[in-house]
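Number of protein chains: 2
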Amino acid sequence: MSPSPMTRAATQTAATGTGIAMPSLSDLCRSVLDSNREKIAIQKPDVALRKLELILTSALELSNGKGFQAMSLRDLSRASGISMGGLYQYFDSKTTLLKMILSGVSGAVEGALADPPPEVEADPRAHLLWLIDTHVRLTEQMLPWFTFSYMEAKNFPLAERRAAIDSEALTESYFANVIARGIASGAFAGSTSPLMPALIKPLLQEWYVKRAKYRRRGVTIETYIATVQQMVLDATGAKALETPPGG
Amino acid sequence: MSPSPMTRAATQTAATGTGIAMPSLSDLCRSVLDSNREKIAIQKPDVALRKLELILTSALELSNGKGFQAMSLRDLSRASGISMGGLYQYFDSKTTLLKMILSGVSGAVEGALADPPPEVEADPRAHLLWLIDTHVRLTEQMLPWFTFSYMEAKNFPLAERRAAIDSEALTESYFANVIARGIASGAFAGSTSPLMPALIKPLLQEWYVKRAKYRRRGVTIETYIATVQQMVLDATGAKALETPPGG
DNA sequence: ACTGATAAAGCGAGCGTTCGCTCGGAAACG
DNA sequence: CGTTTCCGAGCGAACGCTCGCTTTATCAGT
Chain A
1 MSPSPMTRAA
11 TQTAATGTGI
21 AMPSLSDLCR
31 SVLDSNREKI
41 AIQKPDVALR
51 KLELILTSAL
61 ELSNGKGFQA
71 MSLRDLSRAS
81 GISMGGLYQY
91 FDSKTTLLKM
101 ILSGVSGAVE
111 GALADPPPEV
121 EADPRAHLLW
131 LIDTHVRLTE
141 QMLPWFTFSY
151 MEAKNFPLAE
161 RRAAIDSEAL
171 TESYFANVIA
181 RGIASGAFAG
191 STSPLMPALI
201 KPLLQEWYVK
211 RAKYRRRGVT
221 IETYIATVQQ
231 MVLDATGAKA
241 LETPPGG
Chain B
1 MSPSPMTRAA
11 TQTAATGTGI
21 AMPSLSDLCR
31 SVLDSNREKI
41 AIQKPDVALR
51 KLELILTSAL
61 ELSNGKGFQA
71 MSLRDLSRAS
81 GISMGGLYQY
91 FDSKTTLLKM
101 ILSGVSGAVE
111 GALADPPPEV
121 EADPRAHLLW
131 LIDTHVRLTE
141 QMLPWFTFSY
151 MEAKNFPLAE
161 RRAAIDSEAL
171 TESYFANVIA
181 RGIASGAFAG
191 STSPLMPALI
201 KPLLQEWYVK
211 RAKYRRRGVT
221 IETYIATVQQ
231 MVLDATGAKA
241 LETPPGG
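Residue numbers (the UniProt record's numbering), protein chains in the order written: chain A, 1 to 247; chain B, 1 to 247.
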């Protein structure tokens, strides 16, 4: 098995200090396995999990390189070392494989963003910064998954496309809610644009969509997070961070 | 010929007051035709132009609906009313068709952003606002072209992918240059993040990538432009606009 | 500990279909 | 009548997917 960007990830905690655990590759595959149990013919869970990791890792690598549509199942068979017939014991169609990856992404987003730590939730300003931090770190952890989900979204079958839009709307609502609370409590300016929640999203997506660019330029994830946080604070009329990223 | 988002566009001037003309569909196809003359077997220019418009319009519509890869040339033949053999007198491979669309986009971007009116270029602040305004209006005018270019970028052959990255880097450099000049002249804060030019881009792309969302929500292009302009001014430490968008 | 039966998992040639693309001839034009 | 434009059946290749078979794992019974 060739080294992948995900394999290094154990069930580790991100350096945000809030104690939210990021899902490891095994966690993701287990969740995918559980929610597609009826489509998977393999009985022994540990065998299924190991091979599913192989399949999904290879599928993400190939898809992110040439596109899901252009990735043939023969490509996937070769890359994963599993025969054509073997692959079809883990999904009943190529579309199901796509759905599996999507379910992993949307599940992880909800799992990570839905339950902020109590001390953060109490303060809209801290909550907003936490959402930005957690989202960027989650996408970093699951980079191939998010690039896949983002880039292939438009080729989804209709049902999956709707699901993707809903998932995005949900994420946006997290930001909308916290900003609304912040305005109500006086932490954010009342003149904050109603478009603000929608405009935060592309700033978060930028990190994983153009990941190679920032790696090439030597921009660290901490710098990126701090910059976006500062930009959002500026736009919401909140006070500056203690450590301005531009200095 | 079915009505398309582009057909309404004559060679009209955007409402920015700066007098920069946006390219019409005919302009675009003519430029594509000129730069691919050797690949196109048709001799009479007016015939070639009319059919090329048909082909490109249909290709954009189909590709933006199901993806370029998934659009078969038989689909394109049916949609454009031109036979398979007929299509191949306008390009020698499907990849060439893709390149044609890309060249139209990158050409239009450079044509629109490279030469700001003199009175705008003199003032970094006005120049920055003009870049945002012009870029968003250009993408609105050429919506199917930009959606195509953005969504299909990662499936390009390697040479075209590099060209797309270069084109994006060029756009970013326009913002980088004007911000650098603004900092030098004191119009923008020296603490402005060096990431700022890179972060403006996704805010501009958001408009056409999620165009349907903003249409559904009734967000006008003027509101969107003003909001992004305000956000960038906030982040660069410049003074506020006369008419804040949030009020 | 070994064996043989039963089930689980793995395999890849082959099926029907569709793809990008070609080419010889018909149609339209000047 | 020569030239330009248009046409669509047909080519080889590659696609998603299947299925009969082999290999491997499991575990009584001796």
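Every residue, glycine too, gets a C-beta built ideally from N, C-alpha and C.
Taking 8 Å as the threshold, find out whether the segment 191-198 of chain A comes into contact with the segment 167-181 of chain A through three or more Cβ pairs. yes
is_contact[residue 71/B, chain A] using C-beta, thresh 7 Å: no
Among the candidates 72/B, 85/B, 112/B and 141/B, whose CA atom is the shortest distance from the CA of residue 98/B? 72/B
Within chain B, the residues that residue 140/A reaches when beta carbons sit closer than 7 Å: Simply none; closest approach about 16 Å.
Per the DSSP calculation, residue 79/B is bridged to which residue(s)? In the DSSP output, where bridge partners are listed per residue, residue 79/B has none listed.
Buried or exposed: residue 138/A, going by 16 or more other Cβ atoms within 10 Å of its Cβ? buried
To the nearest angstrom, how far is it from the Cα of residue 227/B to the Cα of residue 164/B? 27 Å
Exposed or buried, which one is residue 38/B when buried takes at least 16 other CB atoms within 10 Å? exposed
Over the uninterrupted alpha helix (DSSP H) stretch that includes residue 85/A, give me the two end residues. 84-87
Using only the alpha-carbon positions, how far apart do residue 94/A and residue 83/B sit? 31 Å
Looking at residue 187/A: is its Cβ nearer than 7 Å to the Cβ of residue 124/A? yes
Please report whether the beta-carbon of residue 96/A lies at a distance below 7 Å from any beta-carbon of chain B. no
Does the ligand ZN have a heavy atom nearer than 6 Å to the CB of residue 151/B? This structure lacks the ligand ZN, and indeed carries no ligand of any kind.
Would the beta-carbon of residue 140/A fall within 7 Å of that of residue 221/A? yes
So with CB distances below 7 Å, who are the chain B contacts of residue 67/A? 69, 154 and 155
Residue 191/B: which of 230/A, 100/A, 32/A and 91/A sits nearest, CA to CA? 230/A
Would the segment 48-62 of chain A and the segment 28-35 of chain A be scored as touching if the rule is three or more Cβ pairs under 8 Å? yes
Among 184/B, 180/B, 182/B and 146/B, which one has its Cα closest to the Cα of residue 167/B? 146/B
Helix, strand or coil for residue 187/A? Go by DSSP, reduced to three states. coil
Taking 7 Å as the threshold (C-beta atoms), are residue 35/A and residue 103/A in contact? yes
Please return the same chain residues whose Cβ sits closer than 7 Å to the Cβ of residue 58/B, not counting the five positions on each side in sequence. 76, 79 and 80
Could you name the residues of chain B that residue 158/A contacts, counting a contact when the two beta carbons are closer than 9 Å? Those within 9 Å of residue 158/A in chain B number zero; the least Cβ separation is about 11 Å.
Is the CB of residue 234/A under 7 Å away from at least one CB in chain B? yes
Quick check: is the beta carbon of residue 171/A nearer than 7 Å to any beta carbon in chain B? no
Answer yes or no: does any C-beta atom of chain A fall closer than 7 Å to that of residue 202/B? yes
Below-7 Å beta-carbon distance, residue 26/A vs any chain B residue: no
Relative to the C-alpha of residue 210/A, which residue among 128/B, 150/B and 193/B is closest? 150/B
Strictly below 8 Å CB to CB, what residues from chain B border residue 222/A? Under the 8 Å cutoff, chain B gives no residues; its nearest Cβ is about 12 Å from residue 222/A.
Mind pulling the chain B residues with CB within less than 7 Å of residue 219/A? 195
Local Cβ density within 10 Å of residue 47/B, reported as buried at 16 or more and exposed below that: exposed
So which of 64/A, 236/A, 70/A and 117/A has the shortest CA-CA distance to residue 179/A? 236/A
Contact defined as beta carbons within less than 8 Å: I believe residue 148/A pairs with residue 101/A. What is the distance between those atoms, to the nearest angstrom? 6 Å
Within chain B, partners of residue 129/A - CB distance below 9 Å: Correct list: empty, because the minimum Cβ distance to chain B is about 16 Å.
Give the residues of chain B in contact with residue 43/A, contact being defined as C-beta atoms less than 8 Å apart. Those within 8 Å of residue 43/A in chain B number zero; the least Cβ separation is about 35 Å.
Residue ranges of each alpha helix (DSSP H) within the segment 128-169 of chain B, 4 or longer: 143-152
For residue 185/B, which of 238/B, 217/B and 156/B has the nearest alpha-carbon? 238/B
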